[in-house]
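For reference, the structure discussed in these notes is given below.
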């Protein structure tokens, strides 16, 4: 059984539905690391409640200062707009975030008796985020194998999926995409302009799936 | 330059002095994970202040619930006494603690611009704690190499030291051992009976170094 690192974003919500469909979702952990778009965790709670999967909210907001200057954290810095391919998007990198989230999830998995931890890194993240790359996932998997008396397996089922592939998978699984959150700005509705909104819109368009998201623009 | 994972315990205090002597201690992070023996962090602050090394206190106490039932965390459970070799000492294992601390330290190192993270796992820890074993350190080092745009080096300078070797090294470096904390019970003075007190006393005896620690017994 698996413990899912679950943010309430599009990718990890599809992962939640996939594991639920396979009866492999033991529980999910959502991590508050001081992100501006904390709204994503409301979506996480909503989906877990719908699927009847226990959701653990882990509050790491007290350590948000260690991450330095990422625009993902600070309400005062401006959020870069445009596509993920642009250099400005590097400003949204939160250093070593995934290693911290997976380390925390593994601790929770050990104490719950789960044998796997899953997270939703995907192909489209590779270019910008060092901690979403296949080599990183592979190295981290080696650590989890030996971090406790019994091995913990790290799974990243979307590592070779594009975001459009994930949208297609979600449509197949009956995900209500309006109950997922992407926008890094953390407003009341998706801005439609920041890197993750642009990526989200493009993914629906490429997949040919109707996008139910309400955007500001 | 290195960022040190620094608890205020005997091992990591000797490491702090070693890095300071080599002019390689950029800063230190102490982590409050809800441990009973939070007193160790007072020692950490004292030694960093003496050596003029910036000390960052990272408060992870809000997540102490994820660790389950370790007797290291809970004031209500009893602390096993006797040597580290006894099965009861497994009750003091905090699952995946070192991976979390190193992941957090790496994030801090990246935001400070340090190129290394050091922690004080040593030979005597191997039998009980999965996350102090050489293979674990090696696997974690591979993760840190690729967790960011520039590699972070993981150092564990005492991995092949016994605790007696560390005491000898500390004596050579002029460490004031009375300003280090080991006891897991977290009382006003060291109990002298819990696993880590027994290990501490044996290390001084083996090393032939005078032990300035005040014990209850």
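Protein chains in written order, with the numbering used here: chain A, 2 to 218; chain B, 2 to 218.
Glycine included, C-beta positions come from ideal geometry on N, C-alpha and C.
For chain A, check one thing: does any of its Cβ atoms lie closer than 8 Å to the Cβ of residue 213 of chain B? Not a single C-beta of chain A is nearer than 8 Å to the C-beta of residue 213 of chain B.
Contact with chain A by residue 143 of chain B, beta-carbon distance below 8 Å: yes
Rank A/208, A/214, A/196, A/170 by C-alpha distance to the C-alpha of residue 182 of chain A and give the top, closest one. A/214
Within the stretch 151-176 of chain A, note down every full alpha helix (DSSP H) run reaching 4 residues or more, in order along the chain. 164-174
For residue 164 of chain B and residue 202 of chain B, I'd like the C-alpha separation in whole angstroms. Their backbone Cα atoms lie some 10 Å apart in a straight line.
Which residues, taken in chain order from the stretch 144-156 of chain B, show a beta carbon closer than 9 Å to some beta carbon of chain A? Within the stretch 144-156 of chain B, the residues whose Cβ lies closer than 9 Å to any Cβ of chain A are, in chain order, 144, 145, 146, 147, 148, 149, 150, 153.
Looking at the C-beta of residue 107 of chain B, does it have a partner C-beta in chain A at a distance below 8 Å? With a threshold of 8 Å between beta carbons, residue 107 of chain B makes contact with chain A.
With DSSP as the reference, label residue 61 of chain A as helix, strand or coil. coil
Out of curiosity, what's the CA-to-CA distance linking residue 141 of chain A and residue 26 of chain B? Rounded to whole angstroms, the gap between the alpha carbons of residue 141 of chain A and residue 26 of chain B is 27 Å.
Residues from the stretch 30-64 of chain A in contact with chain B, defined by Cβ distance under 7 Å: 59, 60, 61, 63, 64
Per DSSP, which one or two residues make a beta bridge with residue 191 of chain B? B/216
Residue 6 of chain B, enclosing beta strand (DSSP E) - first and last residue: Residues 3-6.
Give the interface partners of residue 136 of chain A over in chain B, defined as CB-CB distance under 7 Å, in chain order. 147
Measure from the alpha carbon of residue 46 of chain B to the alpha carbon of each residue in B/63, B/28, B/36, then state which is nearest. B/28
Rounded Cβ spacing between residue 148 of chain B and residue 131 of chain A (contact assumed at less than 8 Å): 6 Å
By a C-beta neighbour count over all protein chains shown, 10 Å radius and 16 as the cutoff for buried, is residue 41 of chain A buried or exposed? By the neighbour-count rule (16 or more Cβ atoms within 10 Å), residue 41 of chain A is buried.
Return the residues of the stretch 110-122 of chain B that lie within a Cβ-Cβ distance of less than 7 Å from chain A, sorted by chain order. 111, 112
Any Cβ of chain D within less than 8 Å of the Cβ of residue 140 of chain B? Chain labels in this structure do not include chain D; the protein chains are A and B.
Member of B/34, B/54, B/43, B/37 whose CA lies at the smallest distance from the CA of residue 20 of chain B: B/54
Any C-beta of chain A under 8 Å from that of residue 2 of chain B: no
What's the gap between the Cα of residue 156 of chain A and the Cα of residue 168 of chain A? 19 Å
Thinking just about the alpha-carbon of each residue, which of B/50, B/2, B/22 is nearest to the one in residue 9 of chain B? Closest option to residue 9 of chain B, Cα to Cα, is B/50.
May I ask you to report which of helix, strand or coil DSSP gives residue 179 of chain B? DSSP places residue 179 of chain B in helix when its eight states are reduced to three.
Buried or exposed, going by whether 16 or more other CB atoms sit within 10 Å of the CB of residue 218 of chain B? exposed
Pop quiz: residue 109 of chain B and residue 34 of chain B are said to be a contact at Cβ under 8 Å. What is the actual Cβ separation, rounded to whole angstroms? Distance from residue 109 of chain B to residue 34 of chain B at the Cβ level is roughly 15 Å; contact not present, criterion being Cβ atoms closer than 8 Å.
Anything in chain B within Cβ reach of residue 101 of chain A, meaning under 8 Å, just list it in chain order. 101, 104, 105, 108
Identify whether residue 112 of chain B lies in helix, strand or coil by the three-state DSSP scheme. helix
Alpha carbon to alpha carbon, how far is residue 63 of chain B from residue 114 of chain B? Give it in angstroms, no decimals. 27 Å
Length of the line joining the Cα atoms of residue 66 of chain B and residue 6 of chain B: Answer to the nearest angstrom: the Cα atoms are 22 Å apart.
Buried or exposed: where does residue 158 of chain B fall if 16 or more other Cβ atoms within 10 Å of its Cβ makes it buried? buried
Specify, as a first and last residue, the run of the alpha helix (DSSP H) that residue 53 of chain A falls within. Premise fails: residue 53 of chain A is in no alpha helix (DSSP H) and is neither H nor E.
Can you look up residue 149 of chain B in the DSSP assignment and give me helix, strand or coil? Collapsing the DSSP output to three states places residue 149 of chain B in coil.
Can you give the Cα-Cα distance for residue 170 of chain B and residue 162 of chain B, rounded to whole angstroms? 10 Å
Given this structure, state the Cα-to-Cα distance separating residue 17 of chain A from residue 152 of chain A, to the nearest angstrom. 22 Å
So which of B/146, B/3, B/2, B/14 has the shortest CA-CA distance to residue 178 of chain B? B/14
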